[in-house]
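Protein chains in written order, with our numbering: chain A, 192 to 509; chain B, 120 to 365.
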């Protein structure tokens, strides 16, 4: 089966969720990448490692204009005769995937967590629904299919291979939106939706001035910080850190939650995490039921101890 | 200014998630339905703020059966001018988008607004599909919207940050947290909602491009393993050797 994977490029670099989408595509069939922007040809060829045989790159596009990128992907579908189109389920994937599907008359599947089941001539994709509380198995009834893959659902491909890089310049002229300004978070840690390690805290921390111990632990791990809804609502932490049903849904490898009781709405946003550690003074906190590891104790004492233990662990492993 | 806000019902955020009919249907037994929070708190309330400041109308549109009417009345109580319900069971995102776009095409709106996703199916698909069918720009995950004549300035979430974008009407957007604050309907609004127009119209013919075959639940977790609060190193050891996440 011929697969086309859309990979977003930001500041000349392919986004991590996009590279994971290549791995996912490779599990389905022969994979060509369509991308844009100013990434070096060497970087693009290195997508072979994730499973791309060929990379089509449009150099004249540098920002996310949904209409322009939809035309670009549709042209690449024509060029490659791809039957399945894969995007990452991230902000850009959400803006473009369904649009591409509507243009092609293709069925669109959101939040895929596994490769399609093609037994009995079907095409059924397992997807996250109800904020991660259940899965829906969705059949795609059209010849062409668009799948938005949930990052960090399957292991990432790694092979000794380089992709053939081809300049691709179809007519994608369009009006629509103009990007005036981009404000990306500073620092080297991964943005929350892509983070593999996350340290999160809630009202149990008692005030914004106490976040230092949360940040210390996150820094020692190389983790991204997050928070519960009440903490974002009262302005202790910025809204983009709010994980949960009405915030961001995340599925890191490790989620450490301190001083968060674990309301059902919070769990909905984090229960896709591979390992959950809960630190709470209340042994009856509902979060312990969803945890893999629990510490009944005061975050003010436990977090600094964990930070020390991590530092020691890192020092002895280097 | 004419604004169209897409309203969907969704189970209350505390609802128990279960399935019936051999795991092919969501079990609505005992479930309270609410207006999907992203549609209500962000899309609808921002639309009302804009028309309150600049004049104009806010119409809500829903693809659903008469079981959706209570949530539509709630949106009217919050302040929408009138409501349209396309009388059909929403089959999939494309079906819904096609119904809404067909209606919007005839009536013409400056902005079509949706929530960023519903909290049940989490598809985040309908807005982008409406935009494609209408051949209009789509701003997804918008957290701010200001309007000067026909030019809108929006802030939108992107991976790792935000972008400020500019677009001319007409366009389509999906609204995310930050757009506005939740509004609680007052008694006057609730009374007025009873007599506001709710027009029920027939669906247009449309294909079903995807269908849910079945639902399943995640494997239940093993019991939580407790580590003593004094023994942080034990936890780090378990995360390294047992969970293998660090």
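By construction, the Cβ of each residue, glycine as well, lies at the ideal position given by its N, Cα and C atoms.
Residues near residue i by beta carbon distance below 8 Å, same chain, minus five either side
i: residue 335 (chain B); result: 142
i: residue 303 (chain A); result: 215, 280, 316, 317, 318, 338, 339, 340, 341, 344
i: residue 221 (chain A); result: 192, 193, 194, 244
i: residue 370 (chain A); result: 254, 255, 256
Reference residue i; option with closest CA among the options
i: residue 263 (chain B); options: B:273, B:215, B:195, B:128; result: B:273
i: residue 350 (chain B); options: A:500, A:260, A:426; result: A:500
i: residue 252 (chain A); options: A:227, A:275, A:264; result: A:227
i: residue 372 (chain B); options: A:272, A:465, A:231, A:321; result: With chain B covering 120 to 365 only, the question about residue 372 (chain B) has no answer from this structure.
i: residue 296 (chain A); options: A:307, A:450, A:306, A:276; result: A:276
i: residue 365 (chain A); options: B:223, B:255, B:354; result: B:255
i: residue 381 (chain A); options: A:368, A:395, A:415, A:374; result: A:415
i: residue 123 (chain B); options: B:285, B:226, B:358; result: B:226
i: residue 434 (chain B); options: B:338, B:197, B:135, B:209; result: Absent from the structure is residue 434 (chain B), since the part of chain B shown begins at 120 and ends at 365.
i: residue 310 (chain A); options: A:321, A:388, A:330, A:324; result: A:330
i: residue 302 (chain B); options: B:205, B:163, B:126; result: B:163
i: residue 182 (chain B); options: B:285, B:217, B:169, B:135; result: B:217
i: residue 461 (chain A); options: A:473, A:433, A:425; result: A:433
i: residue 408 (chain A); options: A:431, A:491, A:289; result: A:491
i: residue 310 (chain B); options: B:155, B:132, B:192, B:174; result: B:192
i: residue 493 (chain A); options: A:346, A:312, A:392, A:374; result: A:392
i: residue 243 (chain B); options: A:326, A:301, A:312; result: A:301
i: residue 456 (chain A); options: A:411, A:323, A:298; result: A:323
i: residue 438 (chain A); options: A:458, A:452, A:450; result: A:458
i: residue 374 (chain A); options: B:276, B:299, B:133; result: B:276
i: residue 294 (chain B); options: B:313, B:257, B:322, B:172; result: B:257
i: residue 346 (chain B); options: A:399, A:289, A:272, A:483; result: A:483
i: residue 259 (chain B); options: B:269, B:278, B:270; result: B:278
Residue i to residue j span [Cα, whole Å]
i: residue 200 (chain B); j: residue 176 (chain B); result: 6 Å
i: residue 320 (chain B); j: residue 179 (chain B); result: 13 Å
i: residue 130 (chain B); j: residue 148 (chain B); result: 11 Å
i: residue 402 (chain A); j: residue 396 (chain A); result: 7 Å
i: residue 469 (chain A); j: residue 318 (chain B); result: 50 Å
i: residue 428 (chain A); j: residue 332 (chain A); result: 44 Å
i: residue 384 (chain A); j: residue 296 (chain B); result: 16 Å
i: residue 479 (chain A); j: residue 343 (chain B); result: 6 Å
i: residue 229 (chain B); j: residue 367 (chain A); result: 14 Å
i: residue 239 (chain B); j: residue 503 (chain A); result: 43 Å
i: residue 337 (chain B); j: residue 324 (chain B); result: 36 Å
i: residue 473 (chain A); j: residue 269 (chain A); result: 58 Å
i: residue 190 (chain B); j: residue 151 (chain B); result: 11 Å
i: residue 138 (chain B); j: residue 144 (chain B); result: 5 Å
i: residue 208 (chain B); j: residue 332 (chain B); result: 16 Å
i: residue 425 (chain A); j: residue 463 (chain A); result: 26 Å
i: residue 185 (chain B); j: residue 233 (chain B); result: 21 Å
i: residue 495 (chain A); j: residue 234 (chain A); result: 40 Å
i: residue 390 (chain A); j: residue 448 (chain A); result: 6 Å
i: residue 283 (chain A); j: residue 121 (chain B); result: 28 Å
i: residue 353 (chain B); j: residue 157 (chain B); result: 42 Å
i: residue 488 (chain A); j: residue 476 (chain A); result: 12 Å
i: residue 222 (chain B); j: residue 406 (chain A); result: 50 Å
i: residue 326 (chain A); j: residue 266 (chain B); result: 39 Å
i: residue 174 (chain B); j: residue 165 (chain B); result: 13 Å
i: residue 362 (chain A); j: residue 242 (chain A); result: 28 Å
i: residue 471 (chain A); j: residue 249 (chain B); result: 45 Å
Residues near residue i by beta carbon distance below 7 Å, same chain, minus five either side
i: residue 349 (chain A); result: 240
i: residue 329 (chain B); result: 211
i: residue 307 (chain A); result: 219, 314, 315, 316
i: residue 353 (chain A); result: 236, 237, 239
i: residue 232 (chain A); result: 356
i: residue 215 (chain B); result: 182, 209, 245
Proximal residues to residue i (C-beta, below 6 Å), its chain only, five neighbours per side dropped
i: residue 247 (chain A); result: 225, 267, 357, 359
i: residue 206 (chain A); result: 199
i: residue 178 (chain A); result: With chain A covering only 192 through 509, there is no way to say anything about residue 178 (chain A).
i: residue 283 (chain B); result: 274
Residues of the stretch 245-275 of chain B with a CB closer than 7 Å to any CB of chain D: list them in chain order, please. Absent from the structure: chain D. Protein chains present are A and B.
Select from the stretch 453-470 of chain A all residues with a C-beta closer than 8 Å to any C-beta belonging to chain B, and list them in chain order. 455, 456, 459, 462, 465, 466, 468, 469
In chain order, what residues of the stretch 478-509 of chain A put their CB closer than 8 Å to some CB of chain B? 479, 480, 481, 482, 483, 484, 485, 486, 487, 488, 489, 492, 493, 496, 497, 499, 500, 501, 503, 504
Would you say the stretch 407-425 of chain A touches the stretch 443-463 of chain A, given that touching needs at least three Cβ pairs under 8 Å? yes
Tell me which residues of the stretch 320-334 of chain B have at least one Cβ-Cβ distance to chain A shorter than 9 Å, keeping chain order. 326, 327, 328, 329, 330, 331, 332, 333, 334
If you measure beta-carbon to beta-carbon, which residues of the stretch 369-382 of chain A are closer than 7 Å to chain B? 369, 370, 371, 372, 373, 374, 375, 376, 382
Which residues, taken in chain order from the stretch 128-145 of chain B, show a beta carbon closer than 7 Å to some beta carbon of chain A? Sequence-ordered contacts of the stretch 128-145 of chain B with chain A read 132, 133, 136 [C-beta pairs closer than 7 Å].
Name, going along the chain, the residues of the stretch 289-303 of chain A whose beta-carbon falls closer than 9 Å to a beta-carbon of chain B. 289, 290, 291, 292, 293, 294, 296, 297, 298, 299, 300, 301, 302
Check each residue of the stretch 205-232 of chain B: if its Cβ is closer than 8 Å to any Cβ of chain A, include it; give the result in chain order. 211, 212, 213, 216
Under 8 Å, CB to CB, which of the residues in the stretch 391-419 of chain A have a partner in chain B? 412
At a CB distance below 9 Å, what residues from the stretch 158-191 of chain B approach chain A? Give them in sequence order. 160
Return the residues of the stretch 286-319 of chain B that lie within a Cβ-Cβ distance of less than 7 Å from chain A, sorted by chain order. 286, 296, 297
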